[in-house]
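Written below as structure tokens is the structure these notes are about.
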Amino acid sequence: MNKFDRQSSSADIQALPDDIAEQLSRLPGEVISVDDAPSIAPQVPLTSDEVRTIVVSLMLTMFLAALDQTIVATALPTIGRQFQDVSSLSWVITAYLLASTAVAPVFGTLSDIYGRKAMIITSLSLFVAGSILCAIAPNMPMLILARGLQGLGGGGIMPVVQTVISDVVSPRERGQYQAYFSSVWMVGGILGPVIGGVFAEHLHWSMIFWINLPLAAAAIALLLPRMKKIPVFHRKRKVDWLGGVLLMASAVVFMLVLTWGGTRYPWLSPTVLAMLGGAVALVVSFVWHARRADEPFLPLPLLGGSVVPFGLMAGGCALGAITGLTVQLPLYYESVYHLSASEAGLALIPLAAVSTCGAAIAGRTMARAKHYKRVAIIGTSWAALCGLGLTLTTLPLWGLLTLMAAFALGLGTTFPVCVVSVQNSVARPQVGTITGALNFFRSLMSSFTVAAFAAILLIALGADVPLAGEHRVAGSIPAIPVEDMRHAFRYVFGAATALMTGAALCLIMMEERPLAGPSVTKHVEMAE
């Protein structure tokens, strides 16, 4: 087998078909085999009906993962009573979160090696198997283990679905579809707690897991017959299992630090510090290994350049801001505005729903504007200004909700621009790898922000208050004066403002590369 790299064999690359040569020439320093080139197939045009059917099936697949992020929360008290174990309830959520975060880059990379079909089947199979084991779990330890298995599948769904979208839709048009998937997460986030509560109260808590079976069957029935029509861009190569294990282990330990720090153990306790040191050691080992491996699990050059690091940071800051606020705002609504737990949940809808509108606006703009990055720069700057208003003013509930909706509108513009820009900056055979890394980094940022916002509140209040939703008894409001809570949340809103300012700066510094796909002129003519 004759090996070549970009510099030594440019003639060989030029001898290949144009679309394959272009993709291989953009691989950052990897050694590529000429024999591997045929596996990178030219994109076969799909009809609009085929694309629409594939997108619908992918949306249903992603809805499974979105629903299981929230559907369990309202059923936890019922589960705790049945198993007579309340102390371990938080692990029902934590096990899923740990597993799904750790495997996101794994599934992304493996989809670039073994193909999208194999990985979507694997992730859905793990998810369904975990759901069945959760439903029949005889005790709490088995339920927690089953949730971990379910998280392995759920964590693979997100990057693989986003990668399949990149295979069937051009970058210029992809932003619109990313907005559709943002709406799926919004619907799942809203319906999840409602469905979970209804099942736990009127049927049985196991129904929150049994419902995944018909949904998964419908997704597979829609998707698999059409997978053969999806263009193939994966490249078979040796799997760097050691690198993957080091990356997953570092993620799990770091997530445990963020989960336990300030709740189960003090931040400066020997346990937390030892775990943090272990996470750093694992990261250093991963970097050391990746620099020396012939084909590393996650090529470090892929994370450099003028697009990827800024796109990762901007997307991470935006998702961290909305996640941190979603977790902590119910406490603010209940203690300051005296809302009930259900009313506080409804008050979160402007934050979740309007961010989807922002994503839709950005997606449509990307398909029509040459300088597509500007909509996200304007949006994040607007969100930072709204966050500053939340920080500096005291508002009635309707005013707060209005300003929060305006904040979410600007924040939502970040997601499609970051995802598409990052995918557009790498070669086709590496889209799955970079998409997995993107989801991995965003999950870590979300967890870090939740922990940071909780720490900010604890410091500002000067009290040991259970702040995160799963650590606080439903309906209980800490006995803290309203003005003290208002003052403490100014720092939280200030932190969210800083995150959106950081996102705006990252987008400004990110290179705006031309997007492949129908020209802007064509879109304008179609609109007219």
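All the letters of the sequence shown, read from the start, carry residue numbers 57 to 584 under the working numbering. Where is the CB? At the ideal position from N, CA and C, for every residue including glycine.
Our two residues, A160 and N495, have alpha carbons roughly 6 Å apart in a direct line. The Cβ neighbour count for V336, taken over all protein chains shown within 10 Å, is under 16; the residue is labelled exposed. Using a 10 angstroms sphere on the CB of W344, the tally of other CB atoms stays under 16, which defines it as exposed. Rounded to whole angstroms, the gap between the alpha carbons of L457 and A403 is 7 Å. Burial check for N480: the Cβ neighbour count within 10 Å reaches 16 or more, so the residue is buried. Of G371, S341 and S477, the smallest CA-CA separation from T557 is found for G371. Collapsing the DSSP output to three states places G317 in a strand. T117 is classed as buried because its beta carbon has at least 16 other beta carbons within 10 Å across all chains shown.
In terms of Cα proximity to T436, the closest of A377, D124, G455 and A510 is A377. The continuous alpha helix (DSSP H) containing P227 extends over residues P227 to H258. In this structure, the straight-line span from the alpha carbon of M369 to that of L359 is close to 11 Å.
Cβ neighbours of Y393 within its own chain (closer than 6 Å, five residues either side excluded): L453.
Between G211 and A155, the beta carbon gap of about 6 Å places them in contact (Cβ cut-off 8 Å). Distance from the CA of V475 to the CA of T449, rounded to the nearest whole angstrom, comes to 34 Å. Contact between the region 231-240 and the region 467-474 is present: 3 or more CB-CB pairs across the two stretches fall below 8 Å. Burial state of D124 is buried, judged by a 10 Å Cβ sphere holding 16 or more other Cβ atoms. Cβ neighbours of V482 within its own chain (closer than 6 Å, five residues either side excluded): I490. Assignment of M460 by DSSP, reduced to helix, strand and coil, places it in the helix class. In terms of Cβ geometry, V506 and V328 do not form a close pair [threshold 8 Å]. Looking at the backbone, the Cα of G488 and that of I515 are separated by about 41 Å.
K429 counts as buried, since at least 16 other C-beta atoms from the protein chains shown sit within 10 angstroms of its C-beta.
By the beta-carbon neighbour count (other beta carbons within 10 angstroms, threshold 16), G300 is buried. Residues of the same chain with a CB within less than 6 Å of the CB of S239, apart from the 5 flanking positions on each side, are T412 in chain order. Of the residues M196, F119, S187 and T109, the one whose Cα lies closest to the Cα of S144 is M196. Annotation for M541: S391 and V392 place their beta carbon closer than 6 Å to its own, counting only its chain and skipping 5 residues before and after. Rounded to whole angstroms, the gap between the alpha carbons of P386 and R424 is 38 Å.
V363 sits away from R230, with the two beta carbons spaced by 8 Å or more. Within the same chain, and ignoring the five residues on either side of S306 in sequence, the residues whose Cβ sits closer than 7 Å to its Cβ are A335, L338, V339 and F342. In the displayed model, W438 falls within a helix according to three-state DSSP.
With a contact defined as Cβ atoms closer than 8 Å, A122 and I246 miss out at about 10 Å.
Annotation: the continuous alpha helix (DSSP H) that includes V506 extends over V487 to L517.
In this structure, F549 lies near L446, with their beta-carbon atoms less than 8 Å apart.
Counting of Cβ neighbours within 10 angstroms places P215 among the buried residues, the total reaching 16 or more. In this structure, the beta-carbon distance from V220 to L114 falls below 8 Å. With contacts defined as CB atoms closer than 8 Å, L314 and S503 qualify as a contacting pair.
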